[in-house]
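By our numbering, the letter at position 73 of the sequence shown is numbered 652, and the numbering carries on one by one without gaps. Virtual Cβ for every residue (Gly too), placed ideally from N, Cα, C. Please read these numbers as outputs of a predicted model, since none were measured by experiment.
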Amino acid sequence: MDTFVPNPRTRGPRFVMGPVLLAAVLVFTACVGTEFGSVDESTVPPTTAAVVASSITAPSTTEAAGASTTSSSTTSTPETEVLQSFPASALEVVAFPVPAGSRPHDVAPAADGGVWYTAQGSGELGWLDPESGETRHIPLGAGSRPHGVIVGDDGTAWVTDGGLNAIVSVDADDQVVVYPLPADRPDANLNTAAFDGAGLLWFTGQNGIYGSLDPTTGDMEVFDAPLGRGPYGIAATPLGTVYFASLAGSYVGLIAPDGSVTVLDPPTPGQGARRVWSDSAGSIWVSEWNSGQLSRYVPDTGQWTTWPLPGDSPSAYAVYVDEFDDVWVSDFGGNAMHRFGPSTETFDTFDLPSDPSNVRQILGRPGEVWGAESAADQLVVIRARS
């Protein structure tokens, strides 16, 4: 593993936009022409939510084949006590349509029970009420192309916006705050963000950068990534340690508090590490786009273990670990979501409603695992059958 010490650039100013509340409308434009936009609302009747029950398309269970383990230490992987998860037969897939042309990319369960989603096609932040199926959209500014969204402890939504080349926050009153990257960091192709244990917001840009934003001061630091282009998914452990995946670089980066990065190489060369997530023990799970594999890295031992996804030509995109420490992976090749049980080393496969679905990110809350079918303008949730 190599350690990379970057040269940071710092930026402080921020700009604030206050939304104007207008009447709800049903037509959503492909782009927003004004920086101070209105809040659009669209009502989707709850009867249009499509339920794909396992009695119709039963989830399949597959024993993981050919798991391989490599380690820089002879210490075995520590065992972690986890809760009992739901059997696959007790789960259902439910789909919620969102306005046409939204092209939802990422999702984040909201503090009020709703679900935020980035409407990349319309340059807005969307919100879904799972109880009624209603949605509303908040414009983020002219040229916006939001990619990732997460929610802070105070309920504020934080968006990585590639079109604005900025981090954007939206609070409970729909106030939009834009934190632009420095002028000498144009076209970063911003991807995803995560909070560390100190409250800093770390983010990635596929064009070869990563950085941090202090939400309390607006101060921003932007660094050159090891190996150039590629930084994609990013996540923090329960202790607040931040890791990111480099898709083009095929490595996982461990970010130190001073901004330096330790490069961690998964066992498969050129695997295309796309996204990362932590389990409750702080182990890092990696979705490998090129290899179609799921990998786990144990920081205490340096041990890597890799499992191929089910199917003939899997393409692992997103990864997420739920409250049971089960690992969820979206698979473009199989048009499915897989749930992996680390203790049994088996996959449960849930076929997605649309073909193609193109679920690019997964996030959840207790009892629910959410994703966005970016190819079909709808959100999906896997939850216990009602």
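Roughly how many angstroms lie between the CA atoms of residue i and residue j, to the nearest whole one?
i	j	result
Ala721	Leu743	8 Å
Val757	Glu800	15 Å
Glu713	Val842	44 Å
Ser909	Ala897	5 Å
Asp733	Val821	20 Å
Thr928	Ser791	36 Å
Ser894	Arg939	11 Å
Pro761	Phe802	11 Å
Asp986	Asp752	For the chain, the structure presents residues 580 to 965; residue 986 sits outside this window and is missing.
Ile961	Asp763	42 Å
Trp883	Trp706	38 Å
Thr562	Gly838	An answer regarding residue 562 cannot be provided, because it is not within the stretch 580 to 965 covered by the chain.
Leu780	Asp793	6 Å
Val755	Glu703	11 Å
Leu942	Trp949	5 Å
Val840	Pro932	40 Å
Phe615	Val747	For Phe615, the predicted model reports a pLDDT of 30, less than 50, meaning its position is unreliable and no value from the coordinates is stated.
His716	Gly700	12 Å
Gly861	Thr697	28 Å
By Cβ distance below 7 Å, which residues in the same chain neighbour residue i in space, the five residues on each side in sequence not counted?
i	result
Arg944	Pro688
Pro935	Asn914, Ala954
Ala963	Phe665, Ala669, Leu670, Gly946
Ala824	Tyr811, Gly812, Val831, Ala852, Arg853, Arg854, Val855, Val865
Gln872	Thr847, Gln850, Thr885, Trp886, Pro887, Leu888, Ala895
Thr627	With a pLDDT of 36 at Thr627, under the threshold of 50, the modelled position of this residue cannot be trusted, and the question is left open.
Phe911	Ser894, Tyr896, Asn937
Ala745	Val757, Tyr758, Pro759, Leu760
Determine the burial state of residue i: buried for a count of at least 16 other Cβ atoms within 10 Å of its Cβ, exposed for fewer.
i	result
Leu958	buried
Leu818	exposed
Gly946	exposed
Arg724	buried
Ser829	buried
Asp766	exposed
Gly693	buried
Thr796	exposed
Glu642	exposed
Glu561	Residue 561 lies beyond the residue range present for the chain, which begins at 580 and ends at 965; the question has no answer from this structure.
Asp685	buried
Glu902	exposed
Asp619	Confidence in Asp619 is poor, its pLDDT being 36 and thus under 50, which makes the residue's placement unreliable; the coordinate value appears in the next sentence. So Asp619 counts as buried.
Ser874	buried
Ser870	buried
Ala965	This sequence places Ser at residue 965; Ala is not what is there. Ser965 is exposed by the Cβ-count criterion.
Ala951	buried
Ser892	exposed
Considering just the uninterrupted stretch of the beta strand (DSSP E) at residue i, what are its terminal residues?
i	result
Leu931	From DSSP, Leu931 is part of no beta strand (DSSP E); its letter is neither H nor E.
Leu704	703 to 707
Ser748	745 to 749
Glu952	947 to 952
Ser791	788 to 792
Arg854	852 to 857
Gly890	Element bounds for Gly890: n/a, residue is neither H nor E.
Thr796	From DSSP, Thr796 is part of no beta strand (DSSP E); its letter is neither H nor E.
Gln872	872 to 877
Ala674	670 to 676
Glu710	That residue, Glu710, is in no beta strand (DSSP E); it is neither H nor E in DSSP.
Leu769	769 to 774
Pro810	810 to 815
Ser866	863 to 867
Thr735	Note, Thr735: premise wrong, no beta strand (DSSP E); not H, not E.
Leu524	Since the displayed the chain opens at 580 and closes at 965, residue 524 lies outside it and no answer follows.
Gly727	725 to 730
Pro759	755 to 759
Just list the residues that DSSP pairs residue i with in beta bridges.
i	result
Ser965	In the DSSP output, where bridge partners are listed per residue, Ser965 has none listed.
His917	Val908, Thr928
Phe903	Note: Phe903 sits in no beta bridge, so no partner.
Leu942	Trp949
Tyr696	Val686, Gly705
Leu780	Phe774, Leu792
Ser664	In the DSSP output, where bridge partners are listed per residue, Ser664 has none listed.
Asp956	Beta-bridge pairing links Asp956 to no other residue.
Tyr830	Ser825
For residue i, which residues in the same chain have their Cβ closer than 8 Å to its Cβ, ignoring the five residues on either side in sequence?
i	result
Asp770	In the sequence on display, residue 770 carries Asn and not Asp. Within the same chain, Asn770 has close Cβ partners His726, Gly727, Thr739, Gly741, Phe782, Thr783, Gly784, Gln785, Pro810, Tyr811, Gly812, Ile813.
Pro836	Asp775, Ala777
Please return the same chain residues whose Cβ sits closer than 6 Å to the Cβ of residue i, not counting the five positions on each side in sequence.
i	result
Ala679	Asp956
Gly787	Ala804, Gly807, Arg808
Val906	Trp864, Val900, Phe919
Asn937	Ser953, Ala954
Ala736	Trp695, Val728, Val730, Val749
Thr636	Only weak support exists for where Thr636 lies, its pLDDT of 45 falling under 50; the value from the coordinates is given anyway. Only Asp930 meet the Cβ criterion.
Arg682	Gln699, Gly700, Ser953
Please tell me whether, using a cut-off of 7 Å, the distance from the CB of residue i to the nearest non-hydrogen atom of the ligand SAH is below it.
i	result
Leu780	Ligands displayed in this structure: none; no statement on the ligand SAH is therefore possible.
Spell out whether any CB of chain B is found under 8 Å from the CB atom of residue i.
i	result
Asn770	The structure shown contains no chain B, having only a single protein chain.
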